[in-house]
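A short write-up of the structure that comes next.
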């Protein structure tokens, strides 16, 4: 039967996989190994600072197995959103690891590198010439100020730049920021398979065994793409794919599971069928790709907002816990008074675990409190020094703060650590999350 | 009509970021029959989600019933973009707890 077989080793490059599962995948004779290396989920720091959220040694371990398998079997290897966020420093970091492996293992292959960075001046010119880049979350269309604030801006590539790389006859494709399913769908699209099915299979494979039962982000998944359907199954015999596990995965991290927009169009799942093919394989058909009128790509950018210092402390005294809100208000006032010269240069936050530390303003249980609380004192300021000053002064003020009915006059807080305060370094925020219309899917990459 | 806690009807109740600006809540019911009853009676609706999270109804951006997974999904505006100063849950993976308290009108 005419089919294209795709091996997905792990949910994120560096999250690992059992070698046994990987070997079971190779035994099925895949035509391509593809892996997604990124996500925005770990937050804005990684894109803004140009740092990977995965550990170098873990990425190297995964890559060594993947590259060796790709080279010895002469099948293409595609890596998407290299380095976690897919901007230049992330891509360079990943390439450095690949070169190290290639040298150590004496691997020889032709490699295409597809950067996803968007030139800031190009965006400024677009904005000035009246191009509106609508927001996907931020309050307004892209402004020059957003471009200025961002350290790195990337665009999410679709399959086209990857297909172009495969066309050029390379064995390894390392891409910057890419639409998660793109690395899985590139070879199928290149060979003329249905784009809707290829992208839907890619959506499932990009999280590897997360779509299996029991789910895992660090185990392999395998896809069989045919002309009018695909099959998907995990490679670890202790897992299986069920209609529920695969269909449920389609919901994951999406707002509308029937209509999933991406570069150049959307995946329409209104007519999709999921069927249990056998004990461990699920059959999927009816996924449709609907091209959009204009080809749009998503831009992502993050920029610095300051520096953070935190202090972690516990409280066990019921008299103190009962009056915590008034006490914290008093401490806040004392800090503001003592450092009025720094007004406007810092933000002071209290995370109160045991009360609403996890849900914040969404916490419906407003009146409940635990017999012990964990307080995280957080200062974010324009300099690391100011953040340290505010955090440290808040900590010492709170430790010795007098309040009505106080019995424990020796100190209000229990610190698990000495030193009690931690410099968390630069803090970033997502600034750019906008759509850009391009004339050509290859224009930016 | 009796009431039943949702944990008796659903096998998955979870929350997660849907991009940096939205939080999505998934309820996957035990079987197709349970799901169909919930869907037919619109037991999970925007108003209910808004009430559980104490947010205005317009901040419940979408409420979709997804037949292939026997699931109902609601998407709400994040309190702040992922990782902004004041963040409490970067991945949004622990915002589902209020759903676990849901009591639905149900006759066995």
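Residue numbers (full-length UniProt numbering), protein chains in the order written: chain E, 1 to 445; chain U, 1 to 108. Glycine is no exception: its CB is placed at the ideal position from the N, C-alpha and C atoms. Note that the structure is predicted; figures quoted are calculated from it, not measured.
Rounded straight-line distance, which links the Cα of residue j to that of residue i
i	j	result
residue 424 of chain E	residue 309 of chain E	5 angstroms
residue 181 of chain E	residue 294 of chain E	20 angstroms
residue 76 of chain E	residue 439 of chain E	29 angstroms
residue 128 of chain E	residue 41 of chain E	32 angstroms
residue 296 of chain E	residue 394 of chain E	48 angstroms
residue 258 of chain E	residue 50 of chain E	34 angstroms
residue 399 of chain E	residue 412 of chain E	5 angstroms
residue 189 of chain E	residue 12 of chain E	22 angstroms
residue 116 of chain E	residue 335 of chain E	45 angstroms
residue 100 of chain E	residue 34 of chain U	54 angstroms
residue 169 of chain E	residue 109 of chain E	11 angstroms
residue 48 of chain E	residue 103 of chain U	43 angstroms
residue 28 of chain U	residue 434 of chain E	31 angstroms
residue 84 of chain U	residue 428 of chain E	7 angstroms
residue 306 of chain E	residue 8 of chain U	46 angstroms
residue 286 of chain E	residue 226 of chain E	12 angstroms
residue 13 of chain U	residue 247 of chain E	15 angstroms
residue 183 of chain E	residue 142 of chain E	28 angstroms
residue 93 of chain U	residue 17 of chain U	7 angstroms
Residue i in three-state terms, based on DSSP
i	result
residue 198 of chain E	helix
residue 17 of chain U	strand
residue 241 of chain E	coil
residue 338 of chain E	helix
residue 117 of chain E	strand
residue 22 of chain U	strand
residue 139 of chain E	coil
residue 213 of chain E	strand
residue 378 of chain E	strand
residue 10 of chain U	strand
residue 402 of chain E	coil
residue 132 of chain E	coil
residue 320 of chain E	helix
residue 127 of chain E	helix
residue 328 of chain E	helix
residue 28 of chain U	strand
residue 4 of chain U	strand
residue 12 of chain E	coil
residue 155 of chain E	strand
residue 407 of chain E	coil
residue 414 of chain E	strand
residue 43 of chain U	coil
residue 162 of chain E	helix
Alpha helix (DSSP H) segment containing residue i, residue limits
i	result
residue 93 of chain E	88–105
residue 425 of chain E	No alpha helix (DSSP H) holds residue 425 of chain E; the beta strand (DSSP E) holding it covers 421–438.
residue 398 of chain E	384–399
residue 79 of chain E	Looking at the DSSP string, residue 79 of chain E is not in any alpha helix (DSSP H); the run it does join, the beta strand (DSSP E), is 77–80.
residue 45 of chain E	44–49
residue 71 of chain E	56–73
residue 49 of chain U	46–53
residue 98 of chain U	97–100
residue 445 of chain E	No alpha helix (DSSP H) contains residue 445 of chain E, which DSSP labels as neither H nor E.
residue 149 of chain E	144–149
Residue interval of the beta strand (DSSP E) (run including residue i)
i	result
residue 75 of chain U	71–77
residue 108 of chain E	Taken as a continuous stretch (DSSP letters only), residue 108 of chain E belongs to no beta strand (DSSP E), as it is neither H nor E.
residue 105 of chain U	103–105
residue 90 of chain U	It is not in any beta strand (DSSP E) - residue 90 of chain U carries neither H nor E in the DSSP assignment.
residue 347 of chain E	346–353
residue 8 of chain E	4–8
residue 32 of chain U	Segment 32–40 is the alpha helix (DSSP H) holding residue 32 of chain U; no beta strand (DSSP E) there.
residue 62 of chain U	60–66
residue 225 of chain E	221–225
residue 85 of chain U	Counting along the chain, residue 85 of chain U falls outside any beta strand (DSSP E), and DSSP gives it neither H nor E.
residue 36 of chain E	32–36
residue 208 of chain E	That residue, residue 208 of chain E, is in no beta strand (DSSP E); it is neither H nor E in DSSP.
Cutoff 8 angstroms: residue i Cβ touching any chain C Cβ
i	result
residue 90 of chain E	This model lacks chain C altogether; the protein chains it does include are E and U.
Does the segment 319–335 of chain E touch the segment 62–73 of chain U, meaning 3 or more C-beta pairs lie closer than 8 angstroms?
-> No, the segment 62–73 of chain U does not touch the segment 319–335 of chain E.
Minimum length 4: unbroken alpha helix (DSSP H) runs contained in the segment 230–314 of chain E | Counting only runs of 4 or more, we get 243–251.
Inter-stretch contact (C-beta, 8 angstroms, three-pair minimum) for the segment 212–220 of chain E and the segment 299–315 of chain E = Segments in contact, no.
Examine the Cβ distances between the segment 4–12 of chain E and the segment 33–45 of chain E and report whether three or more of them are shorter than 8 angstroms.
-> They touch, by the three-pair rule.
Determine, using beta-carbon pairs with one atom in the segment 378–391 of chain E and one in the segment 343–359 of chain E, whether at least three such pairs fall under 8 angstroms.
-> When Cβ pairs closer than 8 angstroms are counted between the two stretches, the segment 378–391 of chain E is seen to touch the segment 343–359 of chain E, the count reaching three or more.
Could you say if the segment 312–319 of chain E and the segment 404–424 of chain E meet the contact criterion of at least three C-beta pairs nearer than 8 angstroms?
-> Contact check between the segment 312–319 of chain E and the segment 404–424 of chain E: three or more CB pairs, one atom from each, fall below 8 angstroms, which counts as touching.
Can at least three beta-carbon pairs, one atom from the segment 54–62 of chain E and one from the segment 147–157 of chain E, be found at a separation below 8 angstroms?
-> Touching, no, given that fewer than three Cβ pairs across the two stretches are closer than 8 angstroms.
Between the segment 276–287 of chain E and the segment 347–362 of chain E, do at least 3 Cβ pairs fall closer than 8 angstroms?
-> The segment 276–287 of chain E vs the segment 347–362 of chain E: no contact.
For the segment 168–198 of chain E, which segments carrying the beta strand (DSSP E) assignment without a break, of at least 3 residues, lie completely within its bounds, in sequence order?
-> Correct list: 172–175.
Segment contact, 8 angstroms Cβ cut-off, at least three pairs: the segment 70–85 of chain E with the segment 170–177 of chain E | Cβ pair count under 8 angstroms is three or more, so yes.
Decide if the segment 234–242 of chain E is in contact with the segment 44–57 of chain U; the criterion is three or more beta carbon pairs, one per stretch, under 8 angstroms apart.
-> These segments do not touch.
Taking one C-beta from the segment 119–136 of chain E and one from the segment 60–73 of chain E each time, how about it: are there three or more such pairs within less than 8 angstroms?
-> Verdict: no, contact absent.
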